Structure formats: C-alpha cells, structure tokens
Amino acid sequence: MEQAIIINGSPRVGANSDAIAAFAKKHFAEHGIDAVIYNIRDMKIHPCVGCDTCKGEPVCVFSDDATELITRLISAQRSLLVAPLYYTNLPGTVKVLIDRFYVNYDPWKYGGKRAPDPARRFGTVLTYGGSPEETALGAIELASYAWEDLGFGSREYVLCPMNIEKTSFSGNSEFQEETAGLVGWIAGAV
Ligand SMILES: Cc1cc2nc3c(=O)[nH]c(=O)nc-3n(C[C@H](O)[C@H](O)[C@H](O)COP(=O)(O)O)c2cc1C
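If you want it as structure tokens, here you go:
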C-alpha cells in the first residue's frame with residue numbers, strides 16, 4: 003500500500019484537528035493509501051539553533067523525533083498538515099518542526115531552494131475560530147513555503163472557520179466534503 007504522511011499540529015487532544023486527521027486517514031484508505039498520522043504534541047523536537055552544521059553534511063546535530071519524520075517527508079509523494087490557527091499563524095510547535103526543515107536547505111550547494119516536483123502533493127487543513135480569512139492565510143503561506151522547501155511542488159488547502167467547539171468539524175458536512183476533496187486530490191499524485 004502506498005503511503006501518505008499526515009501531520010497533526012494541534013496541541014489539543016480530541017478536538018477538531020484530531021477529527022480531521024482521522025477523517026483524512028479514512029479517506030486516504032479509500033484511495034488505497036495508508037496514511038500515517040504524526041501528532042506533533044507527542045513528539046520530542048528540539049528547536050533549530052542555527053548552528054549551520056547541516057550546511058557541511060546535511061545532518062542535524064539533534065537526533066530526535068524530527069529526524070525520522072523529516073527523512074520520510076523528503077521522500078514522500080503525499081503529505082497533509084492539519085492544524086489550528088494560533089494568533090494568525092501555525093502553533094509554535096509546528097513552527098519548531100518547520101525550522102528543522104532547514105537541514106534540507108542548502109543555499110550554497112543548491113543555489114537556494116531545490117526545484118520542487120509538481121507530482122508531489124501537499125495539502126493543509128486549517129481549523130480556526132472567528133478570525134477574518136485574510137488573517138488565516140499567513141498560516142497557509144508558511145506551510146506552503148516550508149513544504150515547497152521539502153520538494154512538494156503542488157499545494158492546496160481547505161479553511162475551516164468558525165470551528166469554535168471541539169466537535170465543530172465533526173458536525174459540518176461542508177468542511178468534511180472539502181477535506182475529502184483535498185485528500186482525493188493528494189491521493190491522485192503520481
Ligand atoms: C492559543 C490560541 C490562539 C488562537 N488564535 C486564534 C486566532 O488568531 N484566530 C482564530 O480564529 N482562532 C484562534 N484560536 C482558536 C483555534 O484556532 C480554534 O479553536 C481551532 O479550531 C482549534 O483547533 P483544535 O480544535 O484542533 O484544537 C486560537 C486558540 C488558541 C488556543
């Protein structure tokens with residue numbers, strides 16, 4: 003079975019992002035894809051310290067739960083990030099993971115970003131409360147920029163606003179339909 007990587011960036015257990023990640027996993031399975039969920043809140047990830055050691059050999063000085071995840075993301079065809087909006091952006095725990103993507107970035111060796119592959123598909127499902135849409139788009143932009151750095155050349159997203167209660171996503175057929183559509187699109191990667 004082919005694989006997809008779902009990253010759940012919510013610190014909150016049993017709420018919208020958990021429901022979205024489980025929903026997406028089920029829908030990936032319907033497309034014959036085994037999706038693995040990584041809950042960032044359960045992972046030990048040391049923040050990047052900017053030592054630039056990885057600009058010699060592309061290996062991080064920290065060996066922790068980000069090491070395997072980033073290695074898998076670099077070679078994955080499909081990935082989905084599920085996250086809440088925290089103060090107009092991704093939660094700090096997700097940003098800590100993203101900063102560790104720097105191990106894969108080498109401006110000296112590759113002249114900046116390596117050319118992303120359009121066949122590799124990445125999606126974001128963002129759940130949030132009452133913020134206007136434009137304040138949510140910074141989170142989408144950050145995720146898109148970071149996953150492009152890992153070589154994902156095609157990127158889409160779904161916004162789930164007014165997800166106030168823990169069970170908002172579970173009770174919203176419109177968001178479920180949009181998320182199922184996004185999963186179907188990611189699954190279509192070749
Ligand atoms: C620290 C914190 C910051 C938040 N900041 C925003 C925000 O800027 N805009 C917004 O609309 N909702 C904000 N929210 C609400 C969450 O984005 C929303 O409840 C989301 O659905 C939570 O996802 P979860 O159910 O997976 O935990 C914030 C919540 C927390 C705990």
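FYI, in the working numbering the residues of the sequence shown are 3 to 192.
The C-beta atom is built at its ideal place from N, Cα and C for all residues, glycine as well.
All figures in this text were calculated on a predicted structure; none of them were measured in a lab.
Pro49: CB within 7 Å of a non-hydrogen atom of ligand 1: The sequence position of residue 49 within the sequence shown is 47, counting from 1. Answer for Pro49: no, Cβ out of range of ligand 1.
Same chain only: Cβ atoms within 7 Å of Phe154, ignoring 5 sequence neighbours per side: In the sequence shown, counting from the first residue as 1, residue 154 sits at position 152. Excluding residues within five positions, the ones whose Cβ falls inside 7 Å are Ser81, Pro118, Arg122, Arg123, Phe124.
Contact the region 133 to 150 vs the region 83 to 97: 3+ CB pairs below 8 Å: yes
Coarse secondary structure for Asn165, derived from DSSP in three states: The count along the sequence shown starts at 1 and reaches residue 165 at position 163. If DSSP states are grouped into helix, strand and coil, Asn165 belongs with coil.
In chain order, each beta strand (DSSP E) run of at least 3 residues that lies wholly inside the region 24 to 85: 35 to 41
Backbone CA spacing between Val63 and Phe103 [nearest angstrom]: The count along the sequence shown starts at 1 and reaches residue 63 at position 61. The count along the sequence shown starts at 1 and reaches residue 103 at position 101. Distance between the alpha carbons of Val63 and Phe103 is about 13 Å.
Spatial distance of Ser12 from Thr55 (CA atoms): For the purposes of this step, residue 12 is taken as residue 10 along the sequence shown, with counting starting at 1. For the purposes of this step, residue 55 is taken as residue 53 along the sequence shown, with counting starting at 1. Spanning the two alpha carbons is a distance of roughly 30 Å.
contact_flag[the region 26 to 37, the region 169 to 186] where n(CB pairs < 8 Å) is 3 or more: yes
Phe87 beta carbon near ligand 1 (any heavy atom closer than 7 Å): Here residue 87 is taken as the residue at index 85 of the sequence shown, counted from 1. In the sequence under discussion, the amino acid at residue 87 is Leu, which differs from the Phe named in the question. Yes, Cβ of Leu87 sits closer than 7 Å to a heavy atom of ligand 1.
Closer than 7 Å: Thr129 CB and nearest ligand 1 heavy atom: For the purposes of this step, residue 129 is taken as the residue at position 127 of the sequence shown. Answer for Thr129: yes, Cβ within range of ligand 1.
From Cys162, Val51, Leu152, residue whose alpha carbon lies closest to that of Leu139: Residue mapping note: residue 139 aligns to position 137 of the sequence shown, counting from 1. The option with the nearest alpha carbon to Leu139 is Cys162.
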